[in-house]
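So the sequence shown is numbered by numbering that gives the first Met the number 0: it starts at 0 and just counts up by one.
Take a look at the structure below.
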Amino acid sequence: MAEIVLVHGIDQQQKSADKLESAWLPALAGGVRDAGFADVADRIWRNAGKPGSIETRMAFYGSLFLTPGQQGDDPAEFTSEEAQFAQVLALEWLRHAAGRASKRKTRETGELELAYVTGQMGVEQGAGNIVRGAIGSLAKIPWFAPFGMGFAERFVNRSLAQVTRYLTNDTIRSAALKSVLKLIGPETKVLIGHSLGSVIAYEVAHLMNTPLPLLLTLGSPLGLQTIVYQRLRPQPPGFPPAVRRWVNIADRDDFIAAEPDLEGLFHAGIPVSASFEGGHTVDNGADPHNSDFYLGKAQIGREVGEVFGSSNANAVV
């Protein structure tokens, strides 16, 4: 059982737990070190596996989204129900780009593409056509398209499919939750979820029967009220009773993170001894949803460091 359990996000289906750990552990250790907890940082990464190290493991569920017998990793066609779900999700992402992007050009692109897709809804028949139009529109948003339109459309398609299928397919959902639960025990002190992984981490926290000192959610779509929030388990959504401290962190330009401040949506049921900070924001630059960029921030490192040890004098303010 791990003391820190990590839960990855969307579009990781071609990787593995070991591959993701090799990226996440040094990134997390860097944030912990910048926050002034050098000894804790070494125990997480440089001295991993040695006596006194902090056992940190990645829960891997990405392979659940690969289609058996199919070459490549493009998702299967949406069913009618999935297409309607994906349509709502895509529109939400476009609204975020239009409404809160820090760069004017991105806001303008979001407004134009949102108007286009909304207009499509009144003209074209079939949710599948609308989803395809929304995928094309999202691919024009700069941070969705760092490597060109073709790459962006495939990334957006996979991202929509994975969020949709986790929330609508009980087989995938159950297997993803089990991938996390098998790493959790009484020793577990920190659970970190990024992107779709934050949704999984949140639901796992509700299944825990031992105290969890810290839940960290990064770039989380938990606040998507029109589509994600209503499908979380259990309902109505509230504060996981086993959690002692929950911190949510988001970048303003991370459009997958629906609502940077989750406190208003998940305040119900907070134990007297627990705390909730749902409004922390960071700046991840040109790649706002990047998990490594989130993990490397001192704001996150400080939370983890305080669980495991005392700080030194080299903290970054």
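Beta carbons: idealized from backbone N, C-alpha and C, even for Gly.
Predicted model, so just to flag it, every value in this text is computed and none were measured.
On the three-pair Cβ rule with 8 Å, is the segment 168 to 177 touching the segment 31 to 47?
-> They do not touch, by the three-pair rule.
With respect to the alpha helix (DSSP H) encompassing Thr-170, which residues constitute its N-terminal and C-terminal limits?
-> First-last of the alpha helix (DSSP H) with Thr-170: 169 to 180.
Can you give the beta carbon distance from Leu-88 to Ile-226, rounded, assuming they're within the 8 Å contact cut?
-> Indeed, because the Cβ distance is near 5 Å, the residues count as touching under 8 Å.
To the nearest angstrom, report how far apart Asp-253 and Ile-140 are at their CA atoms.
-> Computed Cα separation, rounded: 11 Å.
Pull up the distance between the alpha-carbon of Ala-28 and that of Tyr-115, whole angstroms please.
-> Roughly 44 Å between the two C-alpha positions.
Where Trp-92 sits in the DSSP three-state scheme | Trp-92 falls in the helix class under three-state DSSP.
Given 8 Å, three or more beta-carbon pairs between the segment 197 to 213 and the segment 231 to 242 = Contact holds: three or more Cβ-Cβ distances are below 8 Å.
Those runs of the alpha helix (DSSP H) which lie wholly inside the segment 180 to 218 and span at least 4 residues = Here the runs fully enclosed are 195 to 206.
Establish whether the CB of Ser-15 and some CB of chain B are separated by less than 9 Å.
-> Chain labels in this structure do not include chain B; a single protein chain is all it has.
Can you tell me whether Ala-1 is buried or exposed, with buried defined as 16 or more other CB within 10 angstroms of its CB?
-> Counting C-beta atoms within 10 angstroms of its own C-beta, Ala-1 has 16 or more neighbours from the protein chains shown and is therefore classed as buried.
Expected contact under 8 Å - CB spacing of Met-184 and Val-6 to nearest Å = Note on identity: in this sequence residue 184 is Gly, with Met being the wrong assignment. The pair is not a contact, with the Cβ atoms about 16 Å apart (cut-off 8 Å).
Enumerated in chain order, which unbroken segments of the beta strand (DSSP E) with a length of 3 residues or greater are wholly contained in the segment 239 to 266?
-> DSSP runs (the beta strand (DSSP E)) wholly in the segment 239 to 266: 244 to 250.
Does the beta-carbon distance from Ile-9 to Leu-195 come in below 9 Å?
-> Yes, they are a contact pair.
When you compare only the Cα positions, how much space is there between Phe-77 and Gly-118?
-> Between the alpha carbons of Phe-77 and Gly-118 lies a gap of roughly 21 Å.
Output the distance between the C-alpha atoms of Gln-161 and Gln-11, rounded to the nearest integer angstrom.
-> Approximately 10 Å between the Cα atoms of the pair.
In angstroms with no decimal places, state the Cα-to-Cα distance between Ala-285 and Asp-38.
-> Spanning the two alpha carbons is a distance of roughly 31 Å.
Locate the alpha helix (DSSP H) running through Val-303, then write down its first and last residues.
-> Residue range 297 to 307 is occupied by the alpha helix (DSSP H) that includes Val-303.
With a cut-off of 8 Å on the beta carbons, I'd call Thr-280 and Asp-250 a contact; round off their distance for me.
-> Going by Cβ atoms, the distance from Thr-280 to Asp-250 rounds to 7 Å, so yes, they are a contact pair.
Can you tell me the Cα-Cα spacing of Ala-133 and Leu-90, whole angstroms?
-> The alpha-carbon atoms of Ala-133 and Leu-90 are separated by roughly 7 Å.
Alpha carbon of Ala-85 to alpha carbon of Leu-159, nearest angstrom = If you draw a straight line from the Cα of Ala-85 to the Cα of Leu-159, it comes to about 6 Å.
Gly-300 and Phe-59 look like a contact to me (Cβ under 8 Å); what is the Cβ gap, rounded to whole Å?
-> Not really, about 23 Å apart at Cβ, beyond 8 Å.
Could you check the C-alpha separation between Arg-157 and Leu-176 for me, to the nearest Å?
-> CA-CA distance, Arg-157 to Leu-176, rounds to 20 Å.
With a 10 Å radius around its C-beta and 16 neighbouring C-beta atoms as the bar for buried, classify Arg-103 as buried or exposed.
-> Burial call: exposed.
Glu-20 versus Leu-294, Arg-56, Leu-113, residue with shortest Cα-Cα distance = Among Leu-294, Arg-56, Leu-113, the Cα nearest to that of Glu-20 belongs to Arg-56.
Figure out for me which residue from Leu-24, Ala-16, Val-246 has the closest Cα to the Cα of Gly-61.
-> By alpha-carbon distance to Gly-61, the top candidate from Leu-24, Ala-16, Val-246 is Ala-16.
Give me the Cα-Cα distance between Gly-268 and Glu-80, rounded to the nearest whole angstrom.
-> Annotation: Gly-268 to Glu-80 spans about 32 Å, alpha carbon to alpha carbon.
Quick one, which of Pro-236, Leu-213, Tyr-228, Phe-307 has its alpha-carbon nearest Glu-276's?
-> The alpha carbon of Glu-276 has as its nearest neighbour, out of Pro-236, Leu-213, Tyr-228, Phe-307, the alpha carbon of Leu-213.
Secondary structure of Leu-221, DSSP reduced to three states = Looking at Leu-221 - three-state DSSP - the assignment turns out to be coil, as it is neither helix nor strand.
For His-288, which of Leu-261, Glu-107, Ile-255 has the nearest alpha-carbon?
-> Nearest of Leu-261, Glu-107, Ile-255 to His-288, Cα basis: Ile-255.
Where Glu-107 and Ala-100 are concerned, what is the direct C-alpha to C-alpha distance, given to the nearest angstrom?
-> For Glu-107 and Ala-100, the gap between their C-alpha atoms comes out near 9 Å.
Tell me whether Ser-21 sits in a helix, a strand or coil according to DSSP, three-state version.
-> In the three-state reduction of the DSSP assignment, Ser-21 falls in the helix class, which pools H, G and I.
Return the CA-CA distance between Gly-98 and Leu-264, expressed in angstroms with no decimal places.
-> Straight-line Cα distance between these residues: approximately 20 Å.
Through-space distance from Val-246 to Val-179, alpha-carbon basis | Roughly 19 Å separates the two Cα atoms.
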